[in-house]
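Participant:
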Amino acid sequence: MRFSSNVKPHVLLLIVGTILLLGYVNHFDITSSLFLCLVLNQELLYKQPSVLVGRTDVVSVTPWLAPIVWEGTFDPVLVDNIYKPMNLTVATTVFAIGKYVRFLQDFLETAEKHFMVGFHVRYYVFTDRPHDVPSVNLSQGRHLSVIQVPGSNRWQEISARRMEIIQTTIERQIRREADYIFCLDVDSKFHARWGSESLGRLVAVIHPGYYEQTRDRFPYERRPASTAYIPMDEGDYYYGGAMIGGFVEDVYTLTKVCRTRFEEDAGNSIEAAWQEESHLNRYLLDNKPSKVLSPEYLWQDFKAKTKEVKVIRFSGVIKNYADVRPNV
């Protein structure tokens, strides 16, 4: 299908609206219809893309043809001009339980500088210490909700409950307030742009500790009795549990399935090796992500930057686990 340059913007909006009304949104990834929105902005100038010149030191597409997002694989101005006319709202969840509330201010302040700048953002902070949530100046169109949840004497239990809490909050609130959602770890900071290039139906991030390893060295759950089990000769990448993202409804399905599997394991007195991260990796093996973020989007402050990682966008801060976790 080809649109001439004199097609009126309201006609294109009508086409997009018809697609949505007919229910194709469940099968028609927004990224597949972005060409419609591009026509709405005919004055945008950008560098001509090439199929011959680009990143050659990393793989930028998965075997199932999902993009792997690295610096140098996208034009930020072009991507933003595609998504911003959609008037999207992005939900962001973080858990600040117990002493982890100390990381919240840096998380929020750096997010305001780098995360989805220019988009509507709703932060959902889950904490057992609502009075310790810091006051942070938010940009226009960005809001923060504090949701009180119980604490725990075991960090593993806190980790295991995240899927359930996100699922129920999507049911009660988030699905009415946002289009996309990113579930992030609070003990982290943003260092550079994290923008619309990360949006997709179901988004995962490659763990920075294992992107150079073979699958037999991934810390998957290896016990067949667990619903998170992945055999030694299976697996794509090792995805970090510090980031889950995508359409709100797709992330809802993910959290619901993982919660059910958690409960099944608990009924059999099994706790997966890395709690929600183990179940996340099992789910994403069966339900391939439509977009994969490179380790730029989940680095670790104690790691030196490698030659492949041109930009560190988001990273876990250095901390003393014995000081912040109720048990180690």
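Residues are numbered in the numbering used here as their position in the sequence shown, beginning at 1, plus a constant of 1. Even for Gly, the Cβ is constructed at its ideal location relative to N, Cα and C. Here the structure is a predicted model, which means the values were calculated and not measured.
Spatial neighbours of residue 164 within its chain, please: CB distance less than 6 Å, with the 5 preceding and 5 following residues excluded, ordered by chain position.
Facilitator: Once the five neighbours on either side are set aside, the close Cβ partners of residue 164 are 256, 259, 260 and 277.
Participant: Thinking C-alpha only, which one of 141, 127, 96 and 244 is nearest residue 293?
Facilitator: Ranking the options by Cα distance to residue 293, first place goes to 244.
Participant: On the DSSP bridge assignment, give the partners of residue 222 in chain order.
Facilitator: Paired residues: 230.
Participant: Do residue 92 and residue 191 have their beta-carbon atoms positioned less than 7 Å apart in this structure?
Facilitator: Not closer than 7 Å, so no.
Participant: Put residue 100 into one of helix, strand or coil per three-state DSSP.
Facilitator: Of the three classes helix, strand and coil, the one that applies to residue 100 here is helix, per DSSP.
Participant: Just the C-alpha distance for residue 310 and residue 195, rounded to the nearest angstrom, thanks.
Facilitator: When rounded, the distance between both Cα atoms is 14 Å.
Participant: Consult DSSP for residue 125 and reduce its assignment to one of helix, strand or coil.
Facilitator: DSSP places residue 125 in strand when its eight states are reduced to three.
Participant: What's the call for residue 24, buried or exposed, on a 16-neighbour Cβ count within 10 Å?
Facilitator: For residue 24, the predicted structure reports a pLDDT of 46, less than 50, and the residue's modelled location is therefore unreliable. The matter cannot be settled from this model.
Participant: With residue 171 as the anchor, note down where its beta strand (DSSP E) starts and where it stops.
Facilitator: Unbroken run through residue 171: none, as it is neither H nor E.
Participant: Against chain E, does residue 165 count as a neighbour if the rule is that its beta carbon must be under 7 Å from one of theirs?
Facilitator: Here chain E cannot be found, since the structure has a single protein chain.
Participant: Measuring CA to CA, which of 141, 228 and 105 is closest to residue 287?
Facilitator: Closest by alpha carbon: 228.
Participant: Counting only the same chain and skipping the five closest in sequence on each side, list residues whose C-beta sits under 6 Å from that of residue 146.
Facilitator: If we look at residue 146 and ignore the five residues flanking it on each side, its Cβ neighbours are 125.
Participant: Beta-carbon separation of residue 180 and residue 90 under 7 Å?
Facilitator: Yes.
Participant: Only counting the same chain, and skipping five residues up and downstream in sequence, which positions put a Cβ closer than 6 Å to that of residue 36?
Facilitator: Any reading at residue 36 needs caution, since the residue's pLDDT is 48, under 50, leaving its predicted position unreliable; the model's value is listed next. None.
Participant: Is it true that the region 104-124 meets the region 172-187, where meeting means three or more beta-carbon pairs spaced less than 8 Å apart?
Facilitator: At 8 Å Cβ cutoff, the stretches touch.
Participant: Go to residue 247, then tell me how far its beta strand (DSSP E) extends in each direction, as first and last residue.
Facilitator: Run containing residue 247: 244-248, per the beta strand (DSSP E) assignment.
Participant: For the region 240-320, list the alpha helix (DSSP H) runs that are entirely contained and at least 4 residues long, ordered along the chain.
Facilitator: Listed in chain order, they are 249-268 and 276-287.
Participant: Can you list, in chain order, the residues of its chain whose CB lies under 7 Å from that of residue 273, leaving out five sequence neighbours each side?
Facilitator: Result list for residue 273: 222, 227, 229, 266, 279 and 280, in chain order.
Participant: How many Å lie between residue 99 and residue 312 at the Cα?
Facilitator: Those two C-alpha atoms are separated by around 31 Å.
Participant: Could you check where the beta strand (DSSP E) with residue 207 kicks off and where it finishes?
Facilitator: Premise fails: residue 207 is in no beta strand (DSSP E) and is neither H nor E.
Participant: Which residue wins for smallest C-alpha separation from residue 105, given the options 141, 129, 301 and 84?
Facilitator: Selected option, being the one with the closest Cα: 129.
Participant: My understanding is that residue 316 touches residue 67, with C-beta atoms under 8 Å, so please give their C-beta distance in whole angstroms.
Facilitator: With a Cβ gap of about 23 Å, residue 316 and residue 67 do not count as contacting.
Participant: Measuring only the C-alpha atoms, how far is residue 308 from residue 296?
Facilitator: Roughly 12 Å separates the two Cα atoms.
Participant: Classify residue 241: buried if its beta carbon has 16 or more other beta carbons within 10 angstroms, exposed otherwise.
Facilitator: Label assigned to residue 241: buried.
Participant: I need the DSSP call for residue 26, collapsed to helix, strand or coil.
Facilitator: Caution is warranted here: a pLDDT of 43 is assigned to residue 26, below 50, making its placement in the model unreliable, and no coordinate value can be reported.
Participant: Please confirm whether residue 134 and residue 110 have their CB atoms less than 7 Å apart.
Facilitator: No, they are not a contact pair.
Participant: Under 6 Å Cβ to Cβ from residue 239, same chain only, skipping five residues before and after it: list those, please.
Facilitator: Closer than 6 Å at Cβ, skipping near neighbours: 208, 211 and 219.
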